[in-house]
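Taken in order, these protein sequences are the chains called A and B.
According to this note's numbering, the first sequence is numbered sequentially starting from 150.
According to this note's numbering, the second sequence is numbered sequentially starting from 3.
Note that the Cβ used here is the ideal one computed from N, Cα and C, for glycine as well.
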Amino acid sequence: MPKRTDIKSVLILGSGPIVIGQACEFDYSGTQACRVLKEEGLRVILLNSNPATIMTDPEMADATYVEPITPEFLEKVIAKERPDAILPTMGGQTALNAALAVAENGVLERYGVEMIGANQESIRKAEDRELFLAAMGRAGLEMARGGFVESFEEGLKIIDRVGFPAIIRPSFTLGGSGGSIAYSLEEYHEKLRQGLNASPVHRVLVEESVIGWKEYELEVMRDRKDNVTIICSIENFDPMGVHTGDSITCAPAQTLTDREYQRMRDAAIAIMREIGVDTGGSNVQFALNPKDGRMLVIEMNPRVSRSSALASKATGFAIAKIAAKLAIGYTLDEIPNDITRLTPASFEPTIDYVVVKIPRWDFEKFKGVDDELGVQMKSVGEAMAFGRTFKEALQKALRSLEQGRFGLGADGKDRYGVHMMGAEERVAALNEVKGRLPKRTSTSIFDAYDALKLGMPDHEIAAVTGYDLWFVDQMAQIVEMENVLREAAPSLATPDRETLHDLLWNAKQHGFSDRQLAHLWNLAELEVRAMRIGAGVVPVFKTVDTCAAEFQAFTPYHYSTYEIENESLRSGRRKVVILGGGPNRIGQGIEFDYCCVHAVMALRELGYEVIMINCNPETVSTDYDTTDKLYFEPLTFEDVMNIVDHEQPEGVIVSFGGQTPLKLAKALEAAGVKILGTSSEGIDLAEDRQRFGDLITGLSIPAPAWGTATSQDEAISVAERVGYPVLVRPSYVLGGRAMEICYRSEGVREYMRNATQVSPDHPVLIDHFLEKAFEFDVDAVSDGADVVIGGIMQHIEEAGIHSGDSSCVLPPYNITRAQYETLIDYTKKLARALNVVGLLNIQFAMQRGIIYVLEVNPRASRTVPFVSKATGVPLAKIAAKVMAGMPASGFGLRDMPMAINHVAVKESVFPFNKFPRSSMFLGPEMRSTGEVMGIDSSTGPAVVKARIASGNRLPTSGALFATLSDNDKRPRVAETLRGFADLGFTILATDGTSRFLTESGIPNTKILKIVEGTPNVIDLIRNGDVHLVINTPAGEVAREDEKHMGAVSMEYKVPFITTASAAAAALSGIRSLLEQELQVKPLQEWYV
Amino acid sequence: MNPTRPKAKLALENGIVFTGRAFGAVQSETSGEVVFNTSITGYQEILTDPSYYGQIVTMTYPHQGNVGTNHFDVESTKVHAAGFVTREASRIPSNWRCEKSLDDYLRESGVIGIEGIDTRMLVRILREEGAMRGVISAQELDDATLVERARSIPQMTGLDLTSYVTCKEPYTWTARDTSGYLLRPVSSFEERGVFHVVVMDFGVKHNILERLASYGCRLTVVPAGTGAHAIMAMEPDGIFLSNGPGDPDAVKYAIETIRELIGRKPIFGICLGHQLLALALGATTYKLKFGHRGANHPVQNLSTATNEITSQNHGFAVDAESLKSLPVDITHINLNDGTVEGFRHRELPLFCVQYHPEAGPGPHDADYLFKQFVEMMARENVAVKA
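And the structure:
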């Protein structure tokens, strides 16, 4: 069946900001869909509020709406564009929910828009557990015992039938949020209530626990002729009970016989047909009782998902691309397999390697949150690795995570030095480990490793952890190899080349890194590397080809392994290697992948062969379509050097992927690799505080006073010298990790006591903190002589909030012409002084009219994609070309003018709903996972759009509760509150704030503090009597009652504003909401 | 790779020798045609599939033996593959149905396996140069000697191997307990055992018998050499031509028998059975470069224009050109290379497929063919009685 001719235009929905449970994978799928449908000659309209995506690049679609993904805005876009069809399956749950809403409220029908790729009924059937349960019954498949309850009382009734432990899953939530496990009736009461509240329809599923069962996923495709194929099977290393997004997983499934696998396959196909997924990809999850093979259906997602991104990268089968083609009428046999070219897409990929994915968590960012894993997803990113064996893939994946581990132990980071322990110590250690093993946490795999090293039998470990015995044996083999290697160390002194070769070869086939060998043999990594190369132990590169080598593959998509035949041929072209950003984490996410992808595109335009190295399966950069050559490999010195040695590129770009590649720059350069862009001298000059301090003094650019300290006393004396408040941080930071603002010496002492754990080799930096200052971000491109200012943003929050967390406005909203010129002048001076070649980002603060430089980063910054979306200038692309030798003046660009014909607002999105116990108050430590952009002709509507897009609706009337810190009891803040009062808001306040407001002449109602009894603000929020909370926390740590208030606001979805400037921005937004109806406009029109 | 296992070599006739470790019957040496199978699961079914007689099977998926072996997942009563090649043979099995490790299973079957070699490289060689003869040994480790031995064994072309795998005496097949792991019995007929099917056994897979039985057939399995007269004397409602090893063109006696049976009773053939039927009708067969072996081959059913993912295992194929002048319609083609996957006669009640609708291992997409056969017998029965 060929392409449908009745569809001429299609609206694709993105997934909005990166949040836990919805990350880069939907940029990958959406980008593929845009590309494919454009190639097919359709008019592509895109709606996505996330500016950091490749899919929102203006050339990806014909009309790109960076607007909130809500039914209201969706309707506006539909009314304006009148698309023939809407494709909601590429943008995760967000897109599916929005599409379902406009299907149900009649908008699609009214405008004659057809939903393709899915239909209302099938989405309902898959999403609504009651309907799903009934559908599974019809398909003859079993699900866990349980049922839906819509009230606490119903919940109490059903539990008798279900028993403990019981799983509580709220309906219609993202990433299983609000889901939990109850082991006792008492726990059940609490969790049932939470679950009912978390569900937008106040309904939860209570079901039999299958904790400890084996968990599998199948990725399935269906076309409109009812051809169904399985793209990939995935087996979870972690048993049921851990959200699949938080599980270590591997592809293909390892522990199924063919009969069991085929039974699962039959079930998946039956489910596709029963649910009625029209076309496209879906994901089906199963639980299998390891004792008797009883198979239960867990759920299905009628759309592409995180798992389909993983399956695409794991097999080479482009699920999203093909799903997009199926949606417009093609059938699987009509679509060629890109990789083999000669064979069609209507087959099932088969693979001849093992893929392991490991999630990455950022628990250290959320104080008070424990790292126990459960049915609610908590990880913020993931790394994936290929190996010819599970052992190799597992160890590669562990080092890809970049959390200081270089494999499964033996890297100097182990909890126990087992080989040096006496018998008694071992017993004690084993008892400790046995205490930890039953609990699933972010480090459980290392607990299993410890248990193996301490001699706990495999089958006992399997029984306690729920890891399949096969996986435990694989880990045991790694541990045994470690012991062999440790024993072998002395013989290195008498190198018999063959023995050494065999030993190293064996180690490498078990996935051991040079770093692990260096640790085991007490050598430097470079010594191991030299010895290894001397012994002829170098990796080969195999191809990911969908077909296990049965057919010739044309797509250069490779991974390393230690075997005989190398398949990656070095071309004679000029080539550049670009290092990606690795797994997503807070502080380093999609923005950097965006920059890497742009660098790839730019250098391909210049005729280079561009080679990408990355290990994040979610991203556009790891799509084999994006680059000339893709190596899916860990971003460590060893792995990168292996590729560089093989490819012999002209240079390597390290400045686009964030800290990960940047950290490798020195070692790579020392190994003789040419780093393109700013020299390491320039980088060092920017990063070395002393040298940088001297530089800016020479340039007469003001900066806050600072100093370094290695002891508590020293820190106190530095703090006194630079003046309180002070900002303290380790000298190496990522995303503001371990940064704090201290107002007194006690704070500094406390920090110093804990800080040494972060980075023992480096001193602590202490800066004077500029309170109540405006902050600015500047992104520019420089070739060392010419500097072009790409964007200048002013933060909404005052200085002290991490720039990655604060909202910002482009162009600046509160600045004089002279100050604007000063920012440009300082930026250019600094770029030239550091001889920056490529991108640079500078953070400035303005206090009492004086502009201070806070830091200079001669590399891609988090704000580059936002600036590009706001201005239409592809900064990253230009920077890449400059790094390849083109002059910055060669692109016809001028510095961003102070006034442009629109305003763009960036707002950050936080995972607090996943971590209800953590504080919601912003600070110097970055905690946001993603961002949205609001764009409009003036600040007010842009702010409103950004708020709505980030999931925080602003009320236009009602009651506002304000509690201000003493610092904020000042005229400007009073004016903001007066503004709310003028708009008709009732203002509620507790004692101190109430007095301040009354003194300022603002009518208000005094209410009780939490400690003063009831009814207090908590009760009012719960009763729905508060519609907006403005709570600016007192200088240091938020008080307990403030935390409580934040959590309750979150629970009842009341907007919660924590800074005075954000309150002012909200006011301007609400004003514009009241004045006019919001309009939508595509980026392409803003740029005109 | 388990370093405690003895060193072993796999030598190919083109002179390339791989070094690894032996498992299974490590004392033995084996030779045969080296082929590869791309199915991730199902090694036990593959090892016991009589069509692999005389072949050394390389599994492309690197981990084999993870789930051990059991008495249920077999396609015959013993291991027929001559040897087994994998990147890594699991040292422990893990599955609730497991009874024995792969290592023990092969040892008891007297079959040698080799692990620890670059199987992907081996596959690429076979893909480029074609299936070739090879030797696995843990006894003789001299490369030149092994290559010489590989070159000395007969080529697959021209070999009739059916006599090694067919049954000695006719037997009836009783359906096994299919609890859970086979497709649910799908009988559209009230009474089981309505149709009597004579199965010509060229190395029949148990799952074929199982599927026929579950569609209500009463089966008599007869040796490959059984003549047409003897078969007709059994008063079958239909005749089934099984899969099997070797070159179809070399099985002259069976082609002759089939020729005599054509038109007398409904006939259904699978794999070698399909090739023999083609030859009996006057078509020709040829050897594929490296064959089709796996569980992911896309086949298009031309009458419905839908696709099936199929299990395949064949080194020879029917020449499409040679079918053109015959009164048959090609019903199925392979979407990867366009080869003939099935045909039916325009007038006579006979049809056949190259692939394996019975799966074992592989997907169940083409199970409808068994039903089609039963329906054909029902139609013919009514016609005869009327």
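Worksheet item: Assuming residue 735 of chain A and residue 514 of chain A make a contact with CB atoms under 8 Å, what is their CB distance in whole Å?
Response: Residue 514 of chain A and residue 735 of chain A do touch by the CB rule: their CB atoms are close to 5 Å apart, below 8 Å.
### Query
Taking buried to mean at least 16 other C-beta atoms within 10 Å of its own C-beta, is residue 409 of chain A buried or exposed?
Buried, by the Cβ-count rule.
Check your understanding: Is it a yes or a no for the region 690 to 704 of chain A touching the region 487 to 501 of chain A, going by three-plus beta-carbon pairs under 8 Å?
Key -> Two segments are said to touch when three or more pairs of C-beta atoms, one from each, lie closer than 8 Å; by this definition the region 690 to 704 of chain A touches the region 487 to 501 of chain A.
Establish whether the CB of residue 161 of chain B and some CB of chain A are separated by less than 8 Å.
-> Not one chain A Cβ lies under 8 Å of residue 161 of chain B.
- Message: With H, G and I counted as helix, E and B as strand and the rest as coil, what does DSSP make of residue 66 of chain B?
- Response: Residue 66 of chain B falls in the strand class under three-state DSSP.
Within chain A, partners of residue 361 of chain B - CB distance below 7 Å: What residue 361 of chain B touches in chain A: 411.
Beta carbon of residue 611 of chain A nearer than 8 Å to that of residue 618 of chain A: Yes. Within cutoff.
> From this set, A:493, A:190 and A:991, which residue's C-alpha is nearest residue 376 of chain A's C-alpha?
Replying inline: Ranked by Cα distance from residue 376 of chain A, the options A:493, A:190 and A:991 are led by A:493.
query = Does residue 699 of chain A come within less than 8 Å of chain B when only Cβ atoms are used?
reply = Under the Cβ criterion of 8 Å, residue 699 of chain A is counted among the residues facing chain B.
Of all Cβ atoms in chain B, is any one closer than 8 Å to the Cβ of residue 1024 of chain A? Chain B contact via Cβ: absent.
*Spatially closest choice to residue 470 of chain A from A:180, A:1024 and A:902, by CA coordinates*: Here the closest residue by C-alpha is A:180.
Compare the C-beta of residue 717 of chain A with all C-beta atoms of chain B and state if any pair is closer than 8 Å.
It does not; no Cβ of chain B falls within 8 Å.
message = If you follow the beta strand (DSSP E) that residue 293 of chain A is in, where does it begin and where does it stop?
response = Here residue 293 of chain A belongs to no beta strand (DSSP E), and DSSP marks it neither H nor E.
Taking the runs of the beta strand (DSSP E) that are 3 residues or longer, which of them lie wholly in the region 1127 to 1170 of chain A?
-> With a minimum length of 3 residues, the continuous beta strand (DSSP E) runs that stay inside the region 1127 to 1170 of chain A are 1135 to 1138.
Stretch-stretch touch, CB-based, cutoff 8 Å, three pairs: the region 78 to 89 of chain B with the region 275 to 290 of chain B:
The region 78 to 89 of chain B is not in contact with the region 275 to 290 of chain B.
- Message: Suppose only complete runs of 4+ residues qualify. What are the alpha helix (DSSP H) ranges in the region 933 to 1003 of chain A, listed by chain order?
- Response: Counting whole runs of 4 or more residues, the region 933 to 1003 of chain A contains the alpha helix (DSSP H) stretches 966 to 982.
Determine, for residue 516 of chain A, whether the minimum Cβ-Cβ distance to residues of chain B falls below 8 Å. Taking Cβ atoms only, chain B never reaches closer than 8 Å to residue 516 of chain A, which makes this a no.
task: Please go through the region 518 to 585 of chain A and give each complete beta strand (DSSP E) segment of 3 or more residues, from N-terminal end onward.
output: Correct list: 530 to 536.
> Roughly how many whole angstroms lie between the Cα atoms of residue 216 of chain B and residue 177 of chain B?
Replying inline: Between residue 216 of chain B and residue 177 of chain B, the C-alpha separation is close to 7 Å.
* **Integer Cβ distance of residue 536 of chain A from residue 390 of chain A, believed to fall under 8 Å** => Rounded, the Cβ-Cβ distance is 27 Å, inconsistent with contact.
Simplified DSSP state of residue 186 of chain B, which is helix, strand or coil: Because residue 186 of chain B carries a pLDDT of 49, less than 50, the predicted location of this residue cannot be relied on, and no value is offered for it.
* **Whole-number beta carbon distance between residue 267 of chain B and residue 247 of chain B, since they are thought to touch under 8 Å** => No, residue 247 of chain B and residue 267 of chain B are not in contact; Cβ-Cβ is about 25 Å, not under 8 Å.
- DSSP beta-bridge partners for residue 928 of chain A? Residue 928 of chain A is bridged to A:940 and A:990.
Along the chain, which unbroken stretches of the beta strand (DSSP E) at least 3 residues long are found entirely within the region 97 to 122 of chain B?
Counting only runs of 3 or more, we get 114 to 117.
Item to complete: Could you check which residue in A:877, A:1224 and A:588 has the C-alpha nearest to that of residue 895 of chain A?
Response: Comparing Cα-Cα distances from residue 895 of chain A to each of A:877, A:1224 and A:588, the minimum goes to A:877.
Q. Given that residue 440 of chain A touches chain B, what residues does it touch there, using C-beta distances under 9 Å?
A. By Cβ distance, chain B contributes 98.
Under a three-way DSSP split, which group does residue 735 of chain A fall into?
Taken through DSSP and simplified to helix, strand or coil, residue 735 of chain A comes out as coil.
Exercise. Taking Cβ-Cβ distances shorter than 7 Å, what residues in chain B pair up with residue 497 of chain A?
Worked result: Under the 7 Å cutoff, chain B gives 298 and 311.
In DSSP terms, what residue 220 of chain B is bridged to:
For residue 220 of chain B, which the question treats as bridged, DSSP gives the partners B:198.
query: Does DSSP put residue 418 of chain A in a helix, a strand or coil?
result: The answer is helix: DSSP assigns residue 418 of chain A an H, G or I state.
Is it the case that the region 1086 to 1102 of chain A contacts the region 1116 to 1130 of chain A, given that we only count it when at least three CB pairs across the two stretches are under 8 Å?
No: fewer than three Cβ pairs fall under 8 Å.
Task: residue 358 of chain A - DSSP class collapsed to helix/strand/coil - done: Coil.
Handout entry: beta strand (DSSP E) segment containing residue 842 of chain A, residue limits
Key = Taken as a continuous stretch (DSSP letters only), residue 842 of chain A belongs to no beta strand (DSSP E), being part of the alpha helix (DSSP H) at 838 to 848.
Review point. Beta carbon of residue 1088 of chain A, beta carbon of residue 1052 of chain A: below 8 Å?
Key: Taking C-beta atoms as the reference points, residue 1088 of chain A and residue 1052 of chain A count as a pair closer than 8 Å.
### Query
So, is the C-beta of residue 268 of chain B closer than 8 Å to a C-beta in chain D?
Looking for chain D here will not work: the only protein chains present are A and B.
- Task: With DSSP collapsed to three states, give me the class of residue 440 of chain A.
- Result: In this structure, DSSP gives residue 440 of chain A a state outside helix and strand, which the three-state scheme calls coil.
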